[in-house]
Structures are given as structure tokens and as C-alpha cells.
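Written out below as C-alpha cells is the structure these notes cover.
Number of protein chains: 4
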Amino acid sequence: MMSSASGSLSVISGDNQTWDLAVAAIIQAGHRMDDRGWVPATAGNLSIRLADGRIAITRSGGHKGFLTSDGVIEVGLNGEARHEGDRPSAETLLHCQIYEHFPNAGAVLHGHSVAATVLSMVIKEPALYLEDYEVLKVFEDQTTHETRLSVPVFANDQNIARLSRSVALYLDEMKAGYIIRGHGVYIWGPDMTTALTRLEGLEFLLTCELERLKLLPAIPARDVM
Amino acid sequence: MMSSASGSLSVISGDNQTWDLAVAAIIQAGHRMDDRGWVPATAGNLSIRLADGRIAITRSGGHKGFLTSDGVIEVGLNGEARHEGDRPSAETLLHCQIYEHFPNAGAVLHGHSVAATVLSMVIKEPALYLEDYEVLKVFEDQTTHETRLSVPVFANDQNIARLSRSVALYLDEMKAGYIIRGHGVYIWGPDMTTALTRLEGLEFLLTCELERLKLLPAIPARDVM
Amino acid sequence: MMSSASGSLSVISGDNQTWDLAVAAIIQAGHRMDDRGWVPATAGNLSIRLADGRIAITRSGGHKGFLTSDGVIEVGLNGEARHEGDRPSAETLLHCQIYEHFPNAGAVLHGHSVAATVLSMVIKEPALYLEDYEVLKVFEDQTTHETRLSVPVFANDQNIARLSRSVALYLDEMKAGYIIRGHGVYIWGPDMTTALTRLEGLEFLLTCELERLKLLPAIPARDVM
Amino acid sequence: MMSSASGSLSVISGDNQTWDLAVAAIIQAGHRMDDRGWVPATAGNLSIRLADGRIAITRSGGHKGFLTSDGVIEVGLNGEARHEGDRPSAETLLHCQIYEHFPNAGAVLHGHSVAATVLSMVIKEPALYLEDYEVLKVFEDQTTHETRLSVPVFANDQNIARLSRSVALYLDEMKAGYIIRGHGVYIWGPDMTTALTRLEGLEFLLTCELERLKLLPAIPARDVM
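Note that the protein sequences, when read in sequence, are chains C, D, U and P.
The first sequence runs 1 to 225 under full-length UniProt numbering.
The second sequence runs 1 to 225 under full-length UniProt numbering.
The third sequence runs 1 to 225 under full-length UniProt numbering.
The fourth sequence runs 1 to 225 under full-length UniProt numbering.
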């Protein structure tokens, strides 16, 4: 049932009924994210909400490009592990926040690219503004390039509960996820295929933005480092 | 009959008589374009005109790096789907325009790279001018590096019919395809192998141009963003 | 027993008892490093200390992305080959220095990336300072991004014994390995999985630092070349 | 006998006696060069001189990343095809020049990377000077990083015979091959493994040089484009 290595994404739909299919989808998405350099070291995390409400999420500490079924655990909407001994990542709360706020959300992805990390550490505005790109049409409700999408940037915080309260204020406006400074992006969709597609679109745009920034007059040193 | 994953391009010739061969060629080209980062999210599209005149083109919305035979539909020269329920991409018209204008065209590729996107959003001229590169010899009629090829850049437009009328004015001069600002490149050839080769040559040159631009004095901010 | 090409890292744990498992882990790590461009030409080296104290290390001269079991030899803590005719790399001493100084060390990796090479040749300070990155948490004892890690940079020296004496002075403070100017990074961990993870984290951060440097006002020519 | 896709380089030794082994080595080297982006479109060429003096070289026009045995033909030291109907690339003369000048040469590689193309079009000196890099030790006779190697840069010329006369003047001094402006690198070795290793080393260094150039004050526009 698993697709071939270069595979199609058809198997990783979020309306899968069984745990095994959800785990397979997460493993495959992890490979894809690792191919692109979006889960360096043990960074990043991936989750799916099954039709019956169970949440499958990557456990703390493993490399997300090399997942096995042991690397995926079940948590409740409160972020707590459903089985004794399972240790969820602290960032689980950010996944659960999406599932709670958006009844429609079926998959959440947290990636950690060079572009997202560098851009978020360089800009001083509270958000990245993306406009005139055709790829903007991959995000929810977008039908034209003649638009401006805002991707909020939040300061990193080891107190995830506190961080999630900042995120909560802006969730309704987010069309292309959000970024945590020096820490990466969060993006979601009704199923894994859509979430991965939106992540790919966002990372493509962040890479374009970083390249364009390199062509601008230099940013003063105090703003970059 | 399909080549191996790392395969040769010998099977994806445009003079294939059967639908299945054309679909296989499109799927393989999609993999290649995805490997190179030229079909991010659901961007890009690929088509082949069979010897009997049928046009096989990627349907709207799917990821072009993970195509299956379901992802390829038949359209007429007017861009309309031949089978009930098939939904072609709006950009189908741009493929059909090439087939109509060039009796010799057997495959059309629309890719969406970072280099093409960034360069087209940065330059103010109506075209990119490529000269002195040995790789220029991969385009039609080119036998030397001592030449200057023009790649026209058109403003993006959600009204594809209107966009195609702008494109029409310059088609005869195009030797290395064209670019839609913030949206990617269109390039073609007598068969898929040639079209892919020309796309690869064009993307290589665009990457070189972007790298050279980074070594120039900075472009004023109002021109870049 | 070997994992698949896109495999999980679960087999390359440092507490392997047998030589064959250690060799397999080294070969697999070499593939991963080669995929990422960290062992160009014949550069780089990889080692594991087995539970029984034997040290398996890549021999001199071969390409570390294409290792076979012949490419891995046994050395003692003094860096000398255990079997007649085996030729260890001169850099073996730097691996053995780690094993001697850190009783806990189970694997040492020397990678040779563009980012490490360029950064080390450009900066004038005696170390790279990494702060505010979430990925800093992948290194030993790090639990927050709100920290500053120092990665010492040593001048290259063909006299490895002399080089190791400079390194010795700073070993206790190193949390993210060290860099040899124009020559690459050294990093380690209790097992191969951890060492590879830390290498990946370090290379990610070095790439971010290089990208940020490109956004700064230009460095005077005398400092760069 | 062929190595696996991610394979070891052990099969592509230049002392192979048979034509089939030489062809297999060329095909495998072509895959490796294509993976790295060094044979875009139909650019680049690869050759091996067998122990019996026969020269196997890639024919004109095909994509060097997707070679089959049909894509490799036999030529004589004068560059002419040994079999009726075979069409060698014009650049065959440059391969034969190496084999004539260096009795020891067993393989010649012509690659076409972004770094080589951009650097050669940007610099005004007649050569690239590489110093202080540890990777310099991969070239013939080099035992230290404390050296400066010169890689001559020749103007491109569609008259290959004329170009080869310029090259001839400097062949004896070349330790790391040479570059043709806007056209790529030529490098060689006693066998394919060594030639590929040296090509990889050279491309690594060219990439480092390009990255360092990006950190310098901007080059005046008239010198870059």
C-alpha cells in the first residue's frame, strides 16, 4: 500500500481511517521533508488527525527523515500522550492548538529550513509579506497572484504554552501558516497531501524572498546579527 | 518499457503513437522536474502532442512530481477537455497556443523555479538577454556561444486568454521559450526529450544569471521588492 | 540487517558489539554525508569506538561516500593501525584524541562542507558564535535557544600532532565540535546516530550563518581573500 | 558487475581491459556528474583510454546523465570516429590532446557547473588561483594546503583546433585541469576514479570561491555582465 520511493502522494490522504495508514503517511512526509532539508538533526514534527479524532504525532527526539512506526505516538487534544511511557515533543501543544481551532484541520507540519530560519532572524517586521507570486494560489481561498499574504513571525519561547497564547491571537487571519523566529514554520491543511503541498509552496516562497533580499542594498549589521 | 528511476531519456520521445507512452513520458518528466525543484507545490504543467494530434496534458491541481496516469487528461487544440468531468488547468491554453503556432512542436513544459521567479521579479527590462554561454547551443538553430538570445518576460495575468495574446506577438522570435513574471517559464520542442533538455539548459542559464546578479552592486530597493 | 537506502538510522547505534555492525554504520553514515556534500573528493573521515574499545576508522584516500568494508580499518588509541599494511589517515590522531579525552565518545565525524570551509576562511575571530537558534538544542546539555555556543576555529596544519595540541586546550569547552580553517569540522557523540545528528545540526547552523553573512555590508577584500 | 545506484566507485577503475567495463564506468560517472548538476542539457563529455589504447568517449548530443552503451563511441588519438556513422563531439579533440600529451592519462572529464561558468565569466585574470584549501591535496603531487594552484581560464572558441593550441602552451603546468570561459572545466587522471575525484575536488573549490566572492565588495557592473 506504501507508494514507491519516488512515489505519488495519493496514499497520504488525511481521511485515512486506520492508524497504520496515518503512520505511513507521516513516515512518507518525513522522507519528503528530509529530502528538501526541512528536518535537520531532530528538528521538525509532523501530525495527522484521524477521522475518529485520534492524533498521531512524531515523538520527541528522533530524526524525522528516518521515522519508523515506533516514532509516531498518539496524543489527545490536550497534547498529552495516550499511552504510558510515550514522550511527546513540547511542540505537540502547537499541533493540538491547530486541531482545536480549526475543526477542518487534518494534518499539521512543522519544518525547519534555512530560508525560514534566516529570514525570520533578519527581518524586523512582525510578519513576512508575500505578494505577486503565482504560487500564492496554493493557499486556502487564494485565486490570484494579485494579493498579499501575511505570515506572522513570533519570537521563539521555550514556554510553549505562552507561545501558543501569542499564536492564538492571529490564527484566524493565517492563510499560509506562521513562523517562529530562528525555529521554523507551522502550516496545516485538511489532509497530509494538502499540508505538504502548502509547506512546499511556503518554503518555495521563502527561498525566493531570501534570494531577493540578497539583491538589495546590504542590511545594517546590527539588524542581521 | 518504462526506464528505471535513474533512467535514460530514450523512452520519452515525442513520436510515440500510443497514449500510454505519452503518459509515461509525462510522468517521468514530472519526476525529473521535481528532482530539480521546478514543480513546487502544484505548480507547473507538462504536455505532449501525439502523432495523431491528440494532446495529453497534466490536469489541474495535482503535484506534477507525483503524477499517475489519472493525472493526465486529453484536451483539444482549443484547450477544452475531451472527456466529461476532466478539468484542465487554465494554463492549458498556453500549451495549445504553442501547438497551434508551431506545427513541429511535440511537447511543452511549464516549470516554476526559484531562479526564473526571482529574476523575472527583479529585472525591469521586457526580456532576459543570454549571451556568451556555451549552453546556448542547446536551443533551436544555435551553433555558437557568440550570440545573444532573448527570453521575453510577460506580466502575470489570471486572464490567460489575454496573456496569450501578448505572448502571440513574440512567438516567432523565441528561441529559448518565455517567462511569466513571478510565475515561471514556458519552453517546448519537437519531443519530450528535446523539451526537457531545453528546459534544463534554460534553467541552468537562469541560475547562472541570478548568481552573476548577486555579484553586481546592489539593485535599489524600489526595483527589487 | 542493513537499512534500506532511504533508511532509518536505528541500525547505526554506537553500542554495537560487532565489527561488522560498526562498519555498516560507518558506510551508511558516509552515504548520508555524501548526499549532503560533506565528503567531497576523498575528504572527511568517520570512526566508531566499539564497546570493547576497538576503533574502526576510514582508511586514507578512499571516497567516504562509496565505502566498502575494505575501506574501514582498525586502529589503537595511539592512532596506529592494528593490522599490517593498513594505512590510516594522518587525521586519525584527531579522532583518537576525542576518544582519549571523552570516555563517553562512541563516534567521531570529520566533514568538509562548503559552509564550514568558506566561513572559517572569512572570519577573523578565533571561533564562530552561534546563538538564538532552536537547533542549538541538539548539542550536549543544551535545553534552550537562548544561549550562545562557541565553535573554535583552528589554523590548518599538516603537522597533526601539533594541531592536536592546540585543540587539546579547548576540548572541555566544546559543545558543538570545532573547525579547522579551510579544512572542515570535527564533531562527536556517544554513538553514530548522535554524532550524525549533531553534525547535521552544526552544518545547518553554519549554512544559516553563511546566508546571514551574505546579507551584511560587504567585508573588506583583505579579510575575505 | 555494475555497482548499485548509490554504489561504490570500485568498478570504475581505468585499468579495465574490456570495452564494456569502460562503457559502464562512463555511464556511472555520467550519473554522478548529473546528480551534482555538472552535465546540464547535453553539455559535458566523458572519456576513458583503455589499456590497449582504444579511446571510449561520449557521442555528440546526448544527455550525459542518461547514457546507454549506444551513447559511447570509439575514437582514435586524432579524434576521428573508428566506426562508420558515429559522430563524435567537436570537443573530442580536447580529450585526445590530454591523452597525447600525458601518456599516463586514463580518463578525461569535461563538466559544466554553475560555479565554473559564473566564475570564469566574472574574473578578469587569466587563471583562478586556489590556495589554503585542504582539498588541494587531492590533485597530483600536492601534499599540503599551503600551496597555490593555478587553473588557467581560456576564452571559448567554436574552432576547437585553435582552442587546443592555446591550451597546449599551459598543459605541463596544470595540476587541477583548466576552464573554458562560459563553458566549463576539463580535468583528468590515470583512471576514472581519480578523474572523478579530482573533478569533485575542483568543483568543491570553485563553489567555495564563488561563495567567497559574494562576500566581497561588489564587482563593478562592467566587469560582471
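Glycine included, C-beta positions come from ideal geometry on N, C-alpha and C.
For residue i, tell me which candidate among the options has the shortest Cα-Cα distance.
| i | options | result |
| --- | --- | --- |
| U/Leu196 | C/His63, C/Asp70, C/Thr144, C/Ala22 | C/His63 |
| C/Asn159 | U/Leu109, U/Glu134, U/His31, U/Leu215 | U/Glu134 |
| C/Glu91 | C/Leu67, C/Glu84, C/Thr58, C/Thr68 | C/Thr58 |
| D/Arg198 | P/Arg32, P/Pro40, P/Ala115 | P/Pro40 |
| C/Tyr186 | C/Asn45, C/Thr194, C/Asp34 | C/Asn45 |
| U/Ser113 | U/Asp191, U/Arg82, U/Arg148, U/Leu205 | U/Leu205 |
| U/Thr42 | U/Arg49, U/Arg212, U/Leu130, U/His183 | U/His183 |
| P/Gly71 | P/Leu216, P/Tyr178, P/Ala22, P/Leu128 | P/Ala22 |
| P/Thr18 | P/Leu163, P/Leu50, P/Gly106, P/Phe66 | P/Leu50 |
| C/Phe154 | C/Leu94, C/Pro190, C/Glu131 | C/Leu94 |
| D/Ala56 | D/Leu119, D/Glu84, D/Leu77, D/Asn104 | D/Leu77 |
| U/Lys175 | U/Arg165, U/Pro152, U/Gly65 | U/Pro152 |
| P/Thr193 | U/Ile27, U/Asp34, U/Gly61 | U/Gly61 |
| P/Pro190 | P/Asp86, P/Arg162, P/Asn104, P/Asp172 | P/Asn104 |
| U/Arg181 | P/Cys208, P/Glu203, P/Ile179 | P/Cys208 |
| C/Thr143 | D/Arg32, D/Ser89, D/Phe66 | D/Ser89 |
| U/Tyr178 | U/Thr117, U/Leu215, U/Leu216, U/Glu146 | U/Thr117 |
| D/Arg54 | D/Val138, D/Gly106, D/Leu130, D/Gly37 | D/Gly106 |
Along the chain, where does the beta strand (DSSP E) that runs through residue i open and close?
| i | result |
| --- | --- |
| P/Ser150 | 148–154 |
| C/Glu100 | Premise fails: C/Glu100 lies in the alpha helix (DSSP H), 92–101, not in any beta strand (DSSP E). |
| U/Val75 | 72–75 |
I need the boundaries of the alpha helix (DSSP H) containing residue i, first residue and last residue.
| i | result |
| --- | --- |
| residue 226 of chain D | The structure shown has nothing for residue 226 of chain D, since chain D only spans 1 to 225. |
| D/Val114 | 114–122 |
| C/His183 | Where C/His183 is concerned, there is no enclosing alpha helix (DSSP H), given that its DSSP letter is neither H nor E. |
| C/Val167 | 160–168 |
Who are residue i's beta bridge partners in DSSP?
| i | result |
| --- | --- |
| C/Leu130 | C/Leu149 |
| C/Trp188 | C/Val108 |
| P/Ala81 | P/Val75 |
Using beta carbons (cut-off 8 Å, strictly below), is residue i in contact with chain U?
| i | result |
| --- | --- |
| P/Thr117 | no |
| P/Glu125 | no |
| P/Gly201 | yes |
| P/Glu211 | yes |
| C/Ala41 | yes |
| C/Gln158 | yes |
| P/Thr197 | yes |
Under a CB-based cut-off of 8 Å, is residue i close to chain D?
| i | result |
| --- | --- |
| C/Gly37 | no |
| C/Cys208 | yes |
| C/Trp19 | no |
| P/Gly182 | yes |
| P/His110 | no |
| P/His95 | no |
| C/Phe204 | yes |
With 8 Å set as the bound, which would you pick, yes or no: does the beta-carbon of residue i sit closer than that to a beta-carbon of chain C?
| i | result |
| --- | --- |
| U/Leu46 | no |
| D/Val122 | yes |
| U/Ser13 | Confidence at U/Ser13 is low in this model, with a pLDDT of 46, below 50, so its placement is unreliable and no value can be given for it. |
| D/Val23 | no |
| U/Thr68 | no |
| D/Val114 | yes |
| D/His63 | yes |
Is residue i close to the ligand SAH? I mean its beta-carbon at under 7 Å from any heavy atom of the ligand.
| i | result |
| --- | --- |
| C/Leu130 | The ligand SAH is not part of the structure shown, which contains no ligands of any sort. |
Is the CB of residue i under 8 Å away from at least one CB in chain P?
| i | result |
| --- | --- |
| U/Leu215 | no |
| D/Thr92 | no |
| D/Asp223 | Low per-residue confidence applies at D/Asp223: pLDDT is 48, beneath 50, and the placement is therefore not dependable enough to give any value. |
Completely contained beta strand (DSSP E) runs for the segment 24–61 of chain P, where each covers 3 or more residues: 45–49, 55–58
Taking a cut of 7 Å between CB atoms, which residues from the segment 127–155 of chain C lie near chain A? The displayed structure is made up of protein chains C, D, U and P, and chain A is not among them.
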